[in-house]
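Inspection log for the structure reproduced underneath, given as structure tokens.
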Amino acid sequence: MKKNDILLLAGILFLALVIATAYFIVYPKHGDMVQVSVDGVAVKTFPLNQNTSYTIQAEAEEENILEIKDGHARIITANCPDKLCVHQRKISKQGETLVCLPHKVVVSIISSKKATLDGVAQ
């Protein structure tokens, strides 16, 4: 690699970093509601700013415990075989999800505000 190649690569990386930073500053997209769905059906909705715990019953023996604390939601306990849902990170931004595939449980962050127009198709 020559000096100009390195400068070009550094410039592209810097530009990508500036664009990504500007995007996250301008469009923070913080959600304010937590929606729990079991097998594709919305079961319960909670405010994200209210600390609570909720037991999600998928089937007779299938159980997940959702914790909403300090503006974040996470699954703290599950009796599924792999427990991947318990090891997922906390969520708080609109569009983020927690999923337990064996129990068909999806926990999503949504916004109660009406969506704004983000594009027009003709």
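For what it's worth, the numbering used here labels the leading residue of the sequence shown as 8, then goes sequentially. Glycine residues also receive a C-beta, built at the ideal position from the N, C-alpha and C atoms. From a predicted model like this one, the values you see are computed outputs, not experimental measurements.
Annotation for V25: the continuous alpha helix (DSSP H) segment containing it runs K10 to V33.
For N58, the closest of A80, H110 and A49 by C-alpha to C-alpha distance is A80.
P109 is bridged by DSSP to nothing; it lacks a bridge partner.
Assignment of Q57 by DSSP, reduced to helix, strand and coil, places it in the coil class. If you draw a straight line from the Cα of A65 to the Cα of F21, it comes to about 47 Å.
For E74, the enclosing beta strand (DSSP E) begins and ends at E70 to K76. Looking only at A29, N11 and H37, the smallest Cα-Cα distance to I116 is reached by H37. In the three-state DSSP reduction, V93 falls in the coil class, being neither helix nor strand.
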